[in-house]
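Just so you know, the sequences run in chain order D and H.
Reminder that position 123 of the first sequence reads as 123 in the working numbering, one-by-one numbering, no gaps.
Reminder that position 232 of the second sequence reads as 232 in the working numbering, one-by-one numbering, no gaps.
Glycine included, every Cβ here is placed at the ideal spot set by N, Cα and C.
Remember, it's a predicted structure, so these values are computed and weren't measured experimentally.
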Amino acid sequence: MTLIAWREDFTIGLPDVDYEHRELVSMINALLESLGPDTGVPQIVAALGEIHARIALHFALEERDMHQLHYAAAAEHKDDHERLLDDILDIIDTVESPLDYDPEALGDRLSRWFTGHFRTHDARLHRWLVGRS
Amino acid sequence: MTANPRRWLRATFGALEAVCTRVFSPAWNPLVQLGAIGWFFYWVVAVSGVYLYVFFDTGITRAYDTVEALTHAQPWIGGVMRSLHRYASDGLVAVALVHLLREFAFARMKGKRWFGWITGLPVLMLIYVSGITGYWLVWDVLAQYVAVTTAELLDVLPLFGEPISRNFVNQVALSSRFFTLMSFIHIAAPLLLLLFMWIHIHRHAAARIQPARGLGVLVAGSLLGLAIVVPAVSQARANLDQVQATIGLDWFYLPLYPLVQQWGGATVWQLLGGMLLVLGLVPWLPRGTPAPVAKVNLLNCNGCGRCVADCPFGALSLEPRSDWQKYQAEAVVNADRCFSCGLCVGSCPTATPFRSASVFAAGIELPQLPLVTLREQLEKSCAPLAGGDRLVVFACEHAGTLGADLRRNAAVARMPCIGMLPPSFIDFVFSRRLADGVVIAGCGANSCYHRLGQRWTEQRIAGQRDPWLRARVPRERIALSWDADLGAFRKGLASLPVLRLGGRGASKPLPLPAGPRWPVPMRAIGIALLLGAMAGITGLLATSPGWRQLGQDEAVLQLSIRHATATKVECKPLTPQQMAELKPNMRRPVDCPRERWPVYLELERDGQLLYRGTHEPSGLWNDGAATVFRTFRIPAGPQSIVVRMRDSGRASGFDHVHSGTIDLEPGQNFVIEFRSGEGFTWH
Ligand code: HEM
Ligand code: SF4
Ligand code: SF4
Ligand SMILES: [Fe+2]
Ligand SMILES: [Fe+2]
Chain D
1 MTLIAWREDF TIGLPDVDYE HRELVSMINA LLESLGPDTG VPQIVAALGE
51 IHARIALHFA LEERDMHQLH YAAAAEHKDD HERLLDDILD IIDTVESPLD
101 YDPEALGDRL SRWFTGHFRT HDARLHRWLV GRS
Chain H
1 MTANPRRWLR ATFGALEAVC TRVFSPAWNP LVQLGAIGWF FYWVVAVSGV
51 YLYVFFDTGI TRAYDTVEAL THAQPWIGGV MRSLHRYASD GLVAVALVHL
101 LREFAFARMK GKRWFGWITG LPVLMLIYVS GITGYWLVWD VLAQYVAVTT
151 AELLDVLPLF GEPISRNFVN QVALSSRFFT LMSFIHIAAP LLLLLFMWIH
201 IHRHAAARIQ PARGLGVLVA GSLLGLAIVV PAVSQARANL DQVQATIGLD
251 WFYLPLYPLV QQWGGATVWQ LLGGMLLVLG LVPWLPRGTP APVAKVNLLN
301 CNGCGRCVAD CPFGALSLEP RSDWQKYQAE AVVNADRCFS CGLCVGSCPT
351 ATPFRSASVF AAGIELPQLP LVTLREQLEK SCAPLAGGDR LVVFACEHAG
401 TLGADLRRNA AVARMPCIGM LPPSFIDFVF SRRLADGVVI AGCGANSCYH
451 RLGQRWTEQR IAGQRDPWLR ARVPRERIAL SWDADLGAFR KGLASLPVLR
501 LGGRGASKPL PLPAGPRWPV PMRAIGIALL LGAMAGITGL LATSPGWRQL
551 GQDEAVLQLS IRHATATKVE CKPLTPQQMA ELKPNMRRPV DCPRERWPVY
601 LELERDGQLL YRGTHEPSGL WNDGAATVFR TFRIPAGPQS IVVRMRDSGR
651 ASGFDHVHSG TIDLEPGQNF VIEFRSGEGF TWH
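This is the structure:
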């Protein structure tokens with residue numbers, strides 16, 4: 001299972017947000033590490049549930065900041081957050097249904113799910129913040 | 001003690017609201033936005049008032065004429081403006097009183113929640129002050145009645161050195177002094193009213209101060225209709241030498257005025273004071289111990305501020321972080337303003353039942369109902385359900401008893417307010433296949449006890465407010481008790497297509513479909529009838545039934561005296577020796593004790609004693625003038641009057657006597673006065 005490597009461009013320049021980005025990466029990595037053919041479903045579901053809560057919390061904070069800074073692309077960015085929140089619940093459902101559960105695929109899906117948004121929307125927010133100052 | 005009338009009132013309001021919801025639709029129901037309608041009326045009054053003021057002459061001699069000119073010379077603007085001004089003011093009273101009753105009925109002012117109630121009281125009083133001074137300004141016979149009665153009322157209070165009633169004794173005594181004061185108060189009180197109205201809603205997040213647009217149009221329309229059909233007009237010009245037997249009273253503003261004549265000013269003040277005292281104590285009437293307030297759990301709070309935005313009572317704020325976590329802010333609860341509604345819980349991103357097993361806490365929670373407990377209860381009570389129409393009812397504590405439809409094959413989870421429910425709980429019910437449908441049960445449409453619980457719930461479902469109910473949750477499996485045909489919903493559940501979550505991609509959440517509505521023509525008729533009735537009642541009570549203040553064959557006799565009697569001891573020169581004994585700053589050549597003799601008066605009509613009394617001089621040292629003001633209603637016609645005064649301290653006999661036969665017209669105001677040089681005069 002490939003873990004998510006921390007990259008400097010995951011930092012966007014807002015201390016709270018950056019702190020959470022690090023926390024989230026380590027949370028997901030911890031889950032990815034634990035994933036294996038024998039991992040119990042309840043354990044994965046529990047971990048995913050926690051990730052769901054923390055990432056929703058994180059999005060809320062990022063949205064607060066975008067709103068306060070009058071970030072022009074805030075609406076699109078939020079839409080992507082909402083899409084991710086949709087996805088994570090679908091992922092949880094997948095894990096819960098024994099037929100669909102495949103640790104390898106789940107791991108990939110999770111890292112893609114997570115880093116995709118970092119690379120695009122969060123990175124764009126980062127560039128905007130840099131351009132501003 | 002209050003439980004029974006309150007229960008009765010609540011049932012009445014509940015029934016009325018149900019009718020209005022049907023007729024007006026939930027969004028336009030006036031009963032659930034009385035405060036907002038009040039604000040609307042206020043603005044109508046303010047705008048029309050400014051217009052009237054432009055044409056109004058604040059001098060007492062010209063006031064009546066300028067109002068008449070405004071009414072008749074420009075009926076389509078001035079006349080309508082005047083009518084709007086009057087009827088919107090009446091509306092303001094009506095709305096304030098019904099709003100007061102309703103807030104009382106639903107107990108939205110208990111204990112810690114006193115603020116809205118207590119700040120409502122000055123609002124109510126200022127409405128009355130504004131309206132009463134307004135009627136004064138027209139200077140017609142109603143204004144005269146208001147002036148005379150108000151003076152009588154005020155004279156009971158130890159506010160003024162001498163009876164202000166003497167200003168309104170007759171046309172000769174009349175000056176512009178009070179009139180100018182009244183026009184000043186009539187502008188100042190409404191401005192103060194605005195300030196207090198603002199304070200009144202100042203602690204409410206997202207207070208409703210604008211009625212729904214459609215309702216606003218309807219109310220404005222009925223106001224305008226009333227203004228055109230029953231224009232507000234003046235009564236006869238005021239004439240203090242006459243007392244009009246019957247006058248048209250505005251029963252919204254002046255219902256207590258007849259009582260002044262009936263019971264006397266002092267009793268009316270006692271009544272008012274008693275009413276105010278009772279009203280002021282209402283929030284602290286016996287009640288249960290308040291529930292514990294919301295509690296922030298810093299490990300799950302990053303200061304995102306959603307709870308702050310959603311708290312209906314401004315009980316939350318973001319403050320600098322107090323723990324080691326690298327965040328800037330955290331939510332802080334103001335315990336005095338938190339009414340334990342739980343709306344904050346429903347807004348917190350970490351409030352999700354999908355979290356790990358047995359222990360979790362949201363960023364903010366109600367200690368009396370942690371989400372872990374809610375989830376546990378939910379799972380437990382869903383276990384025995386079976387079949388294709390299993391139901392979960394999330395119900396607020398104020399939702400009352402649930403109908404049979406909602407108790408069959410159903411699990412009920414109660415919480416203080418439906419706004420406490422995090423949307424993810426609904427998702428959870430379906431995701432875990434706990435049930436086939438979810439009913440969200442709360443108060444009547446738009447009448448949430450905790451103000452915003454229903455609104456936030458609807459917005460969260462519709463993806464208009466965070467946190468969203470995920471788009472994947474099938475909306476056809478959810479119903480709101482306040483806007484759905486629950487019977488049909490329940491019946492339809494079993495026949496819905498198989499529940500599938502997920503796979504909806506990036507679709508946006510949808511609002512729930514609106515509940516059943518009456519056909520438009522029926523609603524239109526209902527609205528026309530209800531608003532027409534309201535307007536009709538307003539127009540009627542604004543002038544009738546007339547108040548008969550004087551019998552057909554009666555006249556008024558007034559005794560109005562201000563007399564500085566002689567001092568009890570003559571002034572005498574001091575000897576130089578006596579002067580030397582006084583303190584330097586007290587030295588004076590004559591010693592003048594200042595105390596004056598009291599005035600003793602008798603008034604006889606046709607040989608019968610009407611009045612007898614002793615009046616002490618005014619002033620701290622009894623060194624001022626004695627004043628007497630008394631009003632008597634007597635039969636009209638010829639009669640003999642004798643008035644006698646003793647003002648010299650003699651033991652018997654009189655210093656001044658005046659007698660004669662007078663012939664009074666019905667309604668005549670006959671005044672007996674006294675001038676120190678000339679003795680009694682009457683006319
Ligand atoms: C015409 C005068 C008044 C106006 C315009 C007015 C307006 C309002 C408004 C806009 C609200 C907020 C409604 C909401 O958004 O939930 C409110 C709430 C309230 N008002 Fe009034 N009000 C008036 C008079 C009064 C009076 C006379 C009383 C009672 C003494 C009163 C007692 C209350 C109470 C108890 C609440 C609820 C407070 C709470 O939710 O904690 N109001 N009023
Ligand atoms: S909503 Fe939750 S996380 Fe956000 S500030 Fe409030 S308690 Fe904290
Ligand atoms: S429980 Fe209600 S009143 Fe108390 S902080 Fe939360 S939202 Fe505000
Ligand atoms: Fe983001
Ligand atoms: Fe982010």
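Taking 8 angstroms as the cut-off, does the region 206-213 of chain H touch the region 25-45 of chain H (at least 3 CB pairs, one atom from each stretch)?
Yes, the region 25-45 of chain H is in contact with the region 206-213 of chain H.
Give the DSSP-derived three-state secondary structure of H/F160 in the structure shown.
As a first step, residue 160 of chain H must be located in the second sequence, where it is residue number 160. Coil at H/F160, not helix or strand.
Considering only residues of the same chain and omitting the five flanking positions on each side of H/V296, which have a CB-CB separation below 8 angstroms?
What you label residue 296 of chain H is simply residue 296 of the second sequence in a count that begins at 1. Shown here for H/V296: same chain residues with a beta carbon closer than 8 angstroms to its own, the five before and five after excluded, namely E330, A331, V332, V333, G363, I364 in chain order.
Return helix, strand or coil for H/E330, following the three-state DSSP convention.
For the purposes of this step, residue 330 of chain H is taken as the residue at position 330 of the second sequence. In the structure shown, H/E330 sits in a strand (DSSP, three-state: E or B).
Contact with chain D by H/M297, beta-carbon distance below 9 angstroms:
Start at 1 with the first residue of the second sequence, and residue 297 of chain H comes out as number 297. According to the sequence provided, residue 297 of chain H is Asn. The question's Met does not apply to it. No, no contact with chain D.
Alpha-carbon to alpha-carbon, H/A462 and H/V412:
For this step, residue 412 of chain H is matched to residue 412 along the second sequence. For this step, residue 462 of chain H is matched to residue 462 along the second sequence. One C-alpha to the other measures close to 23 angstroms.
How big is the Cα-Cα spacing for H/T567 and H/Q578?
Position 567 of the second sequence, counted from the start, is the residue given in the question as residue 567 of chain H. Position 578 of the second sequence, counted from the start, is the residue given in the question as residue 578 of chain H. For H/T567 and H/Q578, the distance between alpha carbons rounds to 22 angstroms.
At the level of alpha carbons, what is the spacing between D/L89 and D/H52?
Position 89 of the first sequence holds residue 89 of chain D. Position 52 of the first sequence holds residue 52 of chain D. Those two C-alpha atoms are separated by around 8 angstroms.
Name the chain H residues whose beta carbon is nearer than 7 angstroms to that of D/D86?
In the first sequence, residue 86 of chain D corresponds to position 86, counting from 1. Listed along chain H, the residues sitting closer than 7 angstroms to D/D86 by beta-carbon distance are R470, A471, R472.
In this structure, what does DSSP give as the bridge partners for H/A105?
Position 105 of the second sequence, counted from the start, is the residue given in the question as residue 105 of chain H. Bridge partners of H/A105: none, in fact.
May I ask which residues mark the beginning and end of the beta strand (DSSP E) holding H/R562?
Position 562 of the second sequence, counting from 1, holds the residue named residue 562 of chain H. Boundaries of the beta strand (DSSP E) harbouring H/R562: 554-563, taken from the DSSP string.
In whole angstroms, what separates the C-alpha of H/R102 from that of D/P15?
To locate residue 102 of chain H, count along the second sequence from 1; it is residue 102. To locate residue 15 of chain D, count along the first sequence from 1; it is residue 15. The straight-line gap from Cα to Cα measures roughly 49 angstroms.
Spatial distance of H/M1 from H/R10 (CA atoms)
In the second sequence, residue 1 of chain H corresponds to position 1, counting from 1. In the second sequence, residue 10 of chain H corresponds to position 10, counting from 1. Residue confidence is low: H/M1 scores 46 on pLDDT, short of 50, so the model does not pin down where it sits. No coordinate-derived value is stated.
Consult DSSP for H/F55 and reduce its assignment to one of helix, strand or coil.
If you number the second sequence from 1, residue 55 of chain H lands on position 55. Here DSSP, grouped into helix, strand and coil, assigns H/F55 to helix.
Given the structure, does H/G342 come close to ligand 3, in the sense that its CB is under 8 angstroms from one of the ligand's heavy atoms?
For the purposes of this step, residue 342 of chain H is taken as residue 342 along the second sequence, with counting starting at 1. Checking the Cβ of H/G342 against ligand 3 gives yes.
Would you say D/A46 reaches chain H, if we count a Cβ-Cβ gap shorter than 9 angstroms as a contact?
Here residue 46 of chain D corresponds to residue number 46 of the first sequence, with the count starting at 1. Cβ-Cβ to chain H under 9 angstroms: yes for D/A46.
Between H/I364 and ligand 2, is the CB less than 8 angstroms from at least one heavy atom?
Counting from one through the second sequence, the residue named residue 364 of chain H turns up at place 364. Because some heavy atom of ligand 2 lies under 8 angstroms away, the Cβ of H/I364 counts as near it: yes.
Sorted by chain position, which residues of the same chain lie with C-beta nearer than 7 angstroms to H/P635's C-beta, five sequence neighbours on each side aside?
Here residue 635 of chain H is taken as the residue at index 635 of the second sequence, counted from 1. D553, E554.
How close, in whole Å, do the beta carbons of H/D389 and H/R490 come, if the pair is a contact with beta carbons under 8 angstroms?
On the second sequence, residue 389 of chain H is found 389 positions in, with the first residue counted as 1. On the second sequence, residue 490 of chain H is found 490 positions in, with the first residue counted as 1. Your pair H/D389 and H/R490 checks out as a contact, with CB atoms roughly 7 angstroms apart and the cut at 8 angstroms.
Residues within the region 6-25 of chain D neighbouring chain H, beta-carbon criterion of under 8 angstroms:
From the region 6-25 of chain D, only P15, D16, Y19, E20 have a Cβ closer than 8 angstroms to chain H.
Given a limit of 8 angstroms on CB to CB distance, which residues of the region 25-44 of chain D reach chain H?
Of all residues in the region 25-44 of chain D, only P42 come within less than 8 angstroms of chain H when Cβ atoms are compared, listed by chain position.
Per-residue burial, H/G265 [other beta carbons within 10 Å of its own, 16 or more giving buried]:
Here residue 265 of chain H refers to the residue found at position 265 of the second sequence. That one is buried.
Just the Cα atoms here: how many angstroms apart are H/V146 and H/W136?
Here residue 146 of chain H corresponds to residue number 146 of the second sequence, with the count starting at 1. Here residue 136 of chain H corresponds to residue number 136 of the second sequence, with the count starting at 1. If you take the alpha carbons of H/V146 and H/W136, they lie about 6 angstroms apart.
Contact check, H/S48 vs H/D140, beta carbons under 9 angstroms:
Counted from its first residue, the second sequence places residue 48 of chain H at position 48. Counted from its first residue, the second sequence places residue 140 of chain H at position 140. H/S48 is not a Cβ neighbour of H/D140, given a cutoff of 9 angstroms.
Which of the three DSSP states is assigned to D/A72 in this structure?
Position 72 of the first sequence holds residue 72 of chain D. DSSP places D/A72 in coil when its eight states are reduced to three.
From the DSSP output, read off the bridge partner residues of H/C396.
What you label residue 396 of chain H is simply residue 396 of the second sequence in a count that begins at 1. DSSP, once it has assigned bridges, lists H/M415 as partnering H/C396.
Let me know the secondary structure DSSP gives H/A11 once reduced to three states.
Within the second sequence, residue 11 of chain H is the residue found at index 11, counting from 1. Taken through DSSP and simplified to helix, strand or coil, H/A11 comes out as helix.
Closer than 8 angstroms to a non-hydrogen atom of ligand 1 - does that hold for the CB of H/A207?
As a working mapping, residue 207 of chain H is identified with position 207 in the second sequence. Answer for H/A207: yes, Cβ within range of ligand 1.
How many angstroms separate the CA atom of H/A484 from the CA atom of D/V25?
On the second sequence, position 484 is the one that residue 484 of chain H refers to. On the first sequence, position 25 is the one that residue 25 of chain D refers to. Roughly 44 angstroms separates the two Cα atoms.
Could you check what DSSP says for H/M1 in three-state terms: helix, strand or coil?
Taking the second sequence and counting its residues from 1, the one referred to as residue 1 of chain H is at position 1. Caution is warranted here: a pLDDT of 46 is assigned to H/M1, below 50, making its placement in the model unreliable, and no coordinate value can be reported.
Are H/L541 and H/F670 closer than 9 angstroms when you measure CB to CB?
In the second sequence, residue 541 of chain H corresponds to position 541, counting from 1. In the second sequence, residue 670 of chain H corresponds to position 670, counting from 1. No, the pair does not count as a contact, with Cβ atoms beyond the cut-off.
Classify H/V54 as buried or exposed, calling it buried when 16 or more other Cβ atoms lie within 10 Å of its own Cβ.
Position 54 of the second sequence, counted from the start, is the residue given in the question as residue 54 of chain H. Exposed is the call here.
Would you identify the three-state DSSP class for H/K112, choosing helix, strand or coil?
Against the second sequence, residue 112 of chain H aligns to sequence position 112. DSSP places H/K112 in the helix class (H, G or I) of the three-state scheme.
Given that H/L406 touches chain D, what residues does it touch there, using C-beta distances under 7 angstroms?
Residue numbering aside, residue 406 of chain H sits at position 406 when the second sequence is read from its first letter. Correct list: empty, because the minimum Cβ distance to chain D is about 27 angstroms.
Residues of chain H with a CB under 7 angstroms from the CB of D/L69: which are they?
In the first sequence, the residue the question calls residue 69 of chain D occupies position 69. In chain H, no part has a C-beta under 7 angstroms from the C-beta of D/L69; the shortest such distance is about 14 angstroms.
Name the residue from H/F168, H/Q270, H/G487 whose alpha carbon lies nearest to the alpha carbon of H/D405.
Sequence index remark: in the second sequence, residue 405 of chain H carries index 405 (1-based). Checked all of H/F168, H/Q270, H/G487; the closest Cα to H/D405 is H/G487.
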